[in-house]
Structure formats: structure tokens, C-alpha cells
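Engineer: Here it is: the structure, laid out below.
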Amino acid sequence: MPEFTVGQVLPELRVKVTRSTVVRYSGASTDFNEIHFSDRHARAIGLPGVVAHGMWTMGAGLKLVTDAVGDPGRVLSYFVRFTRPVVVPDTDDGTEVVYSGKVTEVADGIAKIALTATCGDDAVLGAARAEVSPARRLALSSCSADRFEVASTGRPIDPSPLLRDHTTLRVGGAADRFVVAGSEAELISIVTDCDERGVPVLILGGGSNLLVADAGFPGTVVRVANTGIEADVSACGGAAVRVAAGVDWDDFVAHAVAQEWCGIETLSGIPGSVGATPIQNVGAYGAEVAQTISSVRTWDRRDRAQKTFPVVDCGFGYRTSRFKREPGRYVVLEVSYQFTLGNLSRPIAYSELAGRLGVEVGARVDSRLVREKVLEIRRGKGMVLDPSDHDTWSAGSFFTNPILDADAAGALPDDAPRFPAGGGRVKTSAAWLIQHAGFSRGYGNARAALSGKHVLALTNRGGASAADLVEVAGQVRAGVAERFGVTLVPEVNLIGLELPEASS
1 MPEFTVGQVL
11 PELRVKVTRS
21 TVVRYSGAST
31 DFNEIHFSDR
41 HARAIGLPGV
51 VAHGMWTMGA
61 GLKLVTDAVG
71 DPGRVLSYFV
81 RFTRPVVVPD
91 TDDGTEVVYS
101 GKVTEVADGI
111 AKIALTATCG
121 DDAVLGAARA
131 EVSPARRLAL
141 SSCSADRFEV
151 ASTGRPIDPS
161 PLLRDHTTLR
171 VGGAADRFVV
181 AGSEAELISI
191 VTDCDERGVP
201 VLILGGGSNL
211 LVADAGFPGT
221 VVRVANTGIE
231 ADVSACGGAA
241 VRVAAGVDWD
251 DFVAHAVAQE
261 WCGIETLSGI
271 PGSVGATPIQ
281 NVGAYGAEVA
291 QTISSVRTWD
301 RRDRAQKTFP
311 VVDCGFGYRT
321 SRFKREPGRY
331 VVLEVSYQFT
341 LGNLSRPIAY
351 SELAGRLGVE
361 VGARVDSRLV
371 REKVLEIRRG
381 KGMVLDPSDH
391 DTWSAGSFFT
401 NPILDADAAG
411 ALPDDAPRFP
421 AGGGRVKTSA
431 AWLIQHAGFS
441 RGYGNARAAL
451 SGKHVLALTN
461 RGGASAADLV
471 EVAGQVRAGV
481 AERFGVTLVP
491 EVNLIGLELP
501 EASS
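Reminder that position 109 of the sequence shown reads as 109 in full-length UniProt numbering, one-by-one numbering, no gaps.
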């Protein structure tokens with residue numbers, strides 16, 4: 001190793017980074033957070049666009065040091081503090097990060113080096129420093145890793161064939177056959193047997209996103225009940241977690257928050273199972289489950305084989321995925337997630353939640369407090385299940401927020417909410433459209449009505465039939481189409497039912 005002197009400046013290092021760089025790093029690191037390849041997701045949490053991984057930025061800076069000492073084994077310590085993300089434009093040239101270093105102290109042969117990193121005019125690392133030794137000490141601390149499993153017996157499941165006993169809307173007739181698949185092997189076996197015999201199959205998780213016809217389902221309903229969580233937790237790489245499809249989603253969120261696995265705390269209180277979340281790409285309060293999913297393992301009913309899809313092949317979009325676009329083909333067996341470690345949440349991206357927390361949008365807060373406030377907000381909107389509260393006898397948001405082209409968005413009133421949705425499209429609020437089309441909370445009849453707390457939820461007031469709910473949903477849809485020329489799309493899956501056509 002060369003001898004260092006105080007004030008010595010290390011040769012500057014320039015590192016080019018493009019969208020291809022961050023996509024390749026996503027694969028190498030298994031960090032598939034969509035802010036690293038989707039402008040839409042990055043902007044949704046207040047970033048200007050796709051950003052490079054922090055660990056890439058950190059690792060590239062270490063090369064400046066290892067080039068100077070000639071041997072990575074002589075690096076004793078390396079510390080950085082991130083001050084600003086590296087924004088990567090969607091161009092062939094991308095951007096460039098410039099690293100520089102200066103020796104600040106030499107004592108007993110150990111040199112301390114202060115590092116800087118800039119991208120354009122912005123510093124992207126602060127208080128970055130390294131210590132190097134003349135002898136090969138291999139002193140960089142290794143990443144400790146733990147592997148563990150969380151056993152779960154799941155929740156008791158009613159064996160009733162009546163689907164109203166298995167859906168949060170509490171409507172739906174009987175299935176010809178209702179079976180519970182308590183293991184992955186059993187799930188595959190039941191589905192394969194039905195497919196070979198030509199029997200229709202309905203895969204059922206928590207039943208929180210279904211409206212089933214009063215006539216029931218003319219085939220086999222398979223209740224997914226496989227459970228279990230496996231995690232590989234590394235002090236350097238975060239938590240790689242595999243979760244069986246039948247695990248209750250909110251139970252898993254609670255466990256993740258308790259373990260300080262960061263990323264899904266704002267998705268607290270959403271009913272249903274883990275296996276259903278990638279199909280719908282569930283989201284709430286500025287986050288989507290796709291932001292933490294690394295892969296989805298499935299049973300392909302067409303090819304009769306297991307297939308695992310990395311996040312980049314899942315086709316995630318707003319409340320959709322490849323699994324939703326090919327309905328009935330894939331049965332989700334297991335979902336894998338990649339979490340960062342720590343008790344701080346993802347940056348808060350939703351203004352109402354930020355207000356409840358008393359922080360600015362973009363701030364990070366203790367994840368336990370975020371979960372507490374999200375549950376508080378959801379309860380206030382009737383979005384946390386409570387058998388005694390008919391406002392919670394729903395399937396959550398009945399309609400998705402419309403995504404419109406520029407012309408359709410331009411035709412909306414000036415005060416209509418507008419959010420960029422990528423590709424020149426605009427997302428607006430379904431709740432706003434419903435309210436301003438003249439439908440207030442509680443609209444409907446004694447059996448089926450909009451929630452008394454939130455117009456986007458359609459509720460069973462007690463004794464409602466599927467036909468009652470479809471009637472109210474159809475009235476709302478027609479009213480919005482007539483007033484604004486926008487046809488609302490159901491977020492709820494309709495089984496054996498269709499909404500009336502809405503003409504604008």
C-alpha cells in the first residue's frame with residue numbers, strides 16, 4: 001500500500017450510471033423496489049424520478065478507496081451518510097457520480113480518508129469516511145445473517161359451502177363443493193384434479209375482494225390455508241422473507257413491523273390473504289405491495305407447472321398485475337419480499353397520513369406509529385373489519401380511481417383531483433367523482449348502501465343480496481358516467497355477476 005500523507009488528494013473517480021445499471025443492480029441485489037425502475041412509483045413518494053440504489057452509490061464510492069490502497073483487505077472501516085438520491089434519467093447517457101477523497105489523518109500507519117460524492121451540483125453522500133491500514137487485516141465487519149421460520153396454524157375456517165360465510169360483504173350463494181387446502185401440495189392437487197375433470201375452480205383467500213352471485217358458484221371453491229413465514233435476515237442486506245399464500249395479510253404486516261422490516265407499514269388493516277395481494281397489487285396511503293415484492297411463486301394451471309416470477313416480470317400497475325390480466329391461470333403459492341431493516345417507515349407519501357403523524361410529506365416515522373395511525377384512519381372510514389359495524393361489511397373500495405388520457409382529464413371540472421399517472425395520463429379520485437355526481441354517504445336502501453363513512457365503499461346493511469349491491473353500484477356508476485363521462489371500473493371481483501353498462 002502506498003504511504004499516505006495528511007492533505008493528500010486521491011485520484012478522482014467518475015462512475016456512469018444508467019437505467020440499465022440500476023436494473024442490473026436490482027437483479028444482483030434482489031432489491032426490486034420499483035423506485036429504481038419506475039418513474040411513476042418514484043414520483044408517487046415525492047422523488048423526481050427513478051433513483052439509483054443507495055447501496056450502489058455507497059459501493060461505487062468504496063472503489064475509490066480500494067483503487068488507492070490496491071487491496072480491499074486493507075480497508076478497516078467505511079461509513080457513509082446519504083444526503084440525496086442519485087436521480088437516473090431515462091437516456092442513453094444516464095448520469096455520472098463523481099467521487100473524490102482526501103487524507104485527513106495518519107496515525108500508527110492508519111490513514112483516515114474523507115470522501116465526497118456529487119451528481120451534477122448536488123452532494124449525494126455526506127460525512128463519508130474510510131480507514132485504511134498498511135497491513136492486510138480483513139477488518140471490514142462481515143454481514144451477520146440469521147435464518148428463521150415462523151410457524152402458524154392460521155385462523156379457524158368455517159366449512160360452510162355458503163360463500164356469504166367466506167366473504168367480507170357477507171353475500172353469495174353456495175358452491176357446489178367447498179374445500180380447504182391446508183398445504184401447498186394439497187392446493188396444487190385439488191386444483192389439478194378439478195382441471196383434469198373440467199370442473200370450474202374459484203380460488204378463495206380472505207374473501208375481502210369478492211362479490212359472489214346469489215346463485216353461488218357452479219364448481220369447486222378452494223380456500224387457500226397454507227401458512228408459514230421464512231426469513232433470511234442480514235445486517236447488510238436486509239430481510240428476504242417468503243410468506244405462504246394463506247397467511248392473513250394484516251397478521252403478516254403486524255409481524256413485519258414488530259421485526260422492524262420496513263416497507264409495508266402503510267398497508268396495515270387491509271383484509272385478505274398474502275396470496276391475493278400481488279394479484280390486485282394492493283395499495284394504500286401512497287404505497288403498493290409491488291414496492292417490496294421480490295418474486296411471486298405460482299402454480300400455472302395451463303402448463304401444469306410451478307413458475308416463479310421476479311418482480312420485473314409480474315406486470316405490476318395500478319391495482320393490476322399479470323396475474324389479474326390472465327384470470328384463472330395462476331394460483332399464487334408463495335410471495336417473497338425484500339425489506340430494509342430499521343424502525344423507520346418508508347417516506348410518508350400521503351398528505352392525510354402525514355397530517356395525522358404531524359410531519360411533512362416525505363418524512364420517515366417510527367413504523368409502529370405509522371401502523372397505529374393507518375389503522376386509526378381506516379377505522380374512521382369503516383375499512384377495518386368489525387362484525388358489529390355494518391359500514392365494514394364491504395369489500396373495501398368498490399371502484400378503482402380512474403386513469404384518464406389527457407383529453408378526458410381536461411374535461412373534468414377544474415377542482416377535480418388530478419395526479420400524474422405516467423405516459424401523459426392522469427389519475428383522478430373515484431370518491432370525488434361519486435360525491436360530485438350527487439351520491440352522498442349512505443346512499444342506497446335499507447339492505448345495500450354506500451358506507452356512512454366513505455362513499456367509495458359499498459356495504460351490506462344486513463340481509464342484502466348480491467343483486468341489491470349490484471343495483472346500487474350500477475346506479476352510482478351510471479350517475480358518474482352521466483355527469484362526468486367517466487365509466488368507473490370495479491376494483492372488486494364479480495363472480496357470476498356483471499354491472500349494468502354505463503352510458504355517458
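All C-beta atoms, glycine included, are put in the ideal place defined by N, C-alpha and C.
These numbers come from a predicted model, not from an experiment.
Run through DSSP, which three-state label would K112 get?
Structural biologist: strand
Engineer: State the start and end residues of the unbroken beta strand (DSSP E) segment that holds E131.
Structural biologist: D122 to V132
Engineer: Find the nearest neighbour of S397 within the set I45, V132, T168 and G59, judged by alpha-carbon distance.
Structural biologist: T168
Engineer: Can you list, in chain order, the stretches of the alpha helix (DSSP H) that have 4 or more residues and sit fully within the stretch 311 to 364?
Structural biologist: 322 to 325 and 351 to 357
Engineer: Could you check if P156 is buried or exposed, using at least 16 other CB atoms within 10 Å of its CB as the buried criterion?
Structural biologist: exposed
Engineer: Taking V332 as the reference, which of R43, A225 and I434 has the closest Cα?
Structural biologist: A225
Engineer: How many angstroms separate the CA atom of V15 from the CA atom of E96?
Structural biologist: 6 Å
Engineer: How should residue 518 be labelled, buried or exposed, when 16 other C-beta atoms within 10 angstroms of its C-beta is the threshold for buried?
Structural biologist: Any question about residue 518 goes unanswered here, given that the chain covers just 1 to 504.
Engineer: Quick check: V191 and V212, are their CB atoms within less than 8 Å of each other?
Structural biologist: no
Engineer: Identify every residue that forms a DSSP beta bridge with Q306.
Structural biologist: W299
Engineer: Are V22 and F37 touching if we call contact CB-CB under 8 Å?
Structural biologist: yes
Engineer: Can you grab the Cα-Cα spacing for the pair P48 / A42, in whole Å?
Structural biologist: 7 Å
Engineer: Nearest to D303 by CA position, among Y330, E288, V289 and M55, is which residue?
Structural biologist: Its Cα nearest to that of D303, the residue Y330 stands out among Y330, E288, V289 and M55.
Engineer: Nearest to L499 by CA position, among P218, Q475 and Q280, is which residue?
Structural biologist: Q475
Engineer: In angstroms with no decimal places, state the Cα-to-Cα distance between V243 and S367.
Structural biologist: 20 Å
Engineer: How about G422 and R40: do their beta carbons lie closer than 8 Å?
Structural biologist: yes
Engineer: What residue range is occupied by the uninterrupted alpha helix (DSSP H) comprising I434?
Structural biologist: A430 to H436
Engineer: Are V80 and V132 close, meaning C-beta to C-beta below 8 Å?
Structural biologist: no
Engineer: What does G422 pair with, by DSSP beta-bridge criteria?
Structural biologist: DSSP output for G422 lists no bridge partner at all.
Engineer: If you draw a straight line from the alpha carbon of N209 to that of R74, how long is it in whole angstroms?
Structural biologist: 56 Å
Engineer: Which residue wins for smallest C-alpha separation from L375, given the options L162, D250, R197 and D31?
Structural biologist: D250
Engineer: Please report the straight-line C-alpha distance between P417 and V51, rounded to a whole angstrom.
Structural biologist: 27 Å
Engineer: Is it right to say R356 is buried, meaning 16 or more other beta carbons lie within 10 angstroms of its own, or is it exposed?
Structural biologist: It counts as buried.
Engineer: Looking at the structure shown, is E260 part of a helix, part of a strand, or coil, going by DSSP?
Structural biologist: Correct three-state label for E260: coil.
Engineer: Our contact map puts L202 next to I495 with C-beta atoms below 8 Å; I'd like the distance itself, whole angstroms only.
Structural biologist: For a cut-off of 8 Å, the C-beta gap from L202 to I495 is around 7 Å, short enough to register as a contact.
Engineer: Could you name the residues of the same chain whose beta carbon sits closer than 6 Å to that of A445, not counting the 5 residues immediately before and after it, in chain order?
Structural biologist: Note on identity: in this sequence residue 445 is Asn, with Ala being the wrong assignment. None.
Engineer: State buried or exposed for R170, treating a residue as buried only when at least 16 other CB atoms are found within 10 Å of its CB.
Structural biologist: buried
Engineer: Name the two residues that bound the continuous alpha helix (DSSP H) containing L76.
Structural biologist: It is not in any alpha helix (DSSP H) - L76 instead sits in the beta strand (DSSP E) that spans V75 to F82.
Engineer: If I'm right that A395 touches V282 with Cβ under 8 Å, what's the distance once you round it to whole angstroms?
Structural biologist: Actually they are not in contact, since the Cβ atoms of A395 and V282 sit about 12 Å apart, beyond 8 Å.
Engineer: For C194, collect the residues of the same chain with a Cβ closer than 6 Å to its Cβ; drop the 5 residues on either side in sequence, then sort them by chain order.
Structural biologist: V201 and T220
Engineer: Assuming G382 and A457 make a contact with CB atoms under 8 Å, what is their CB distance in whole Å?
Structural biologist: 6 Å
Engineer: Distance check for G172 and P218, CA to CA, integer angstroms please.
Structural biologist: 12 Å
Engineer: With H, G and I counted as helix, E and B as strand and the rest as coil, what does DSSP make of D232?
Structural biologist: strand
Engineer: Within 10 angstroms of its Cβ, does A86 collect 16 or more other Cβ (buried), or is it exposed?
Structural biologist: For the record, residue 86 in the displayed sequence is Val; it is not Ala. Label assigned to V86: buried.
Engineer: With DSSP run on the structure shown, which of helix, strand or coil describes Y443?
Structural biologist: coil
Engineer: Measuring straight from C-alpha to C-alpha, what distance separates E501 and I434?
Structural biologist: 17 Å
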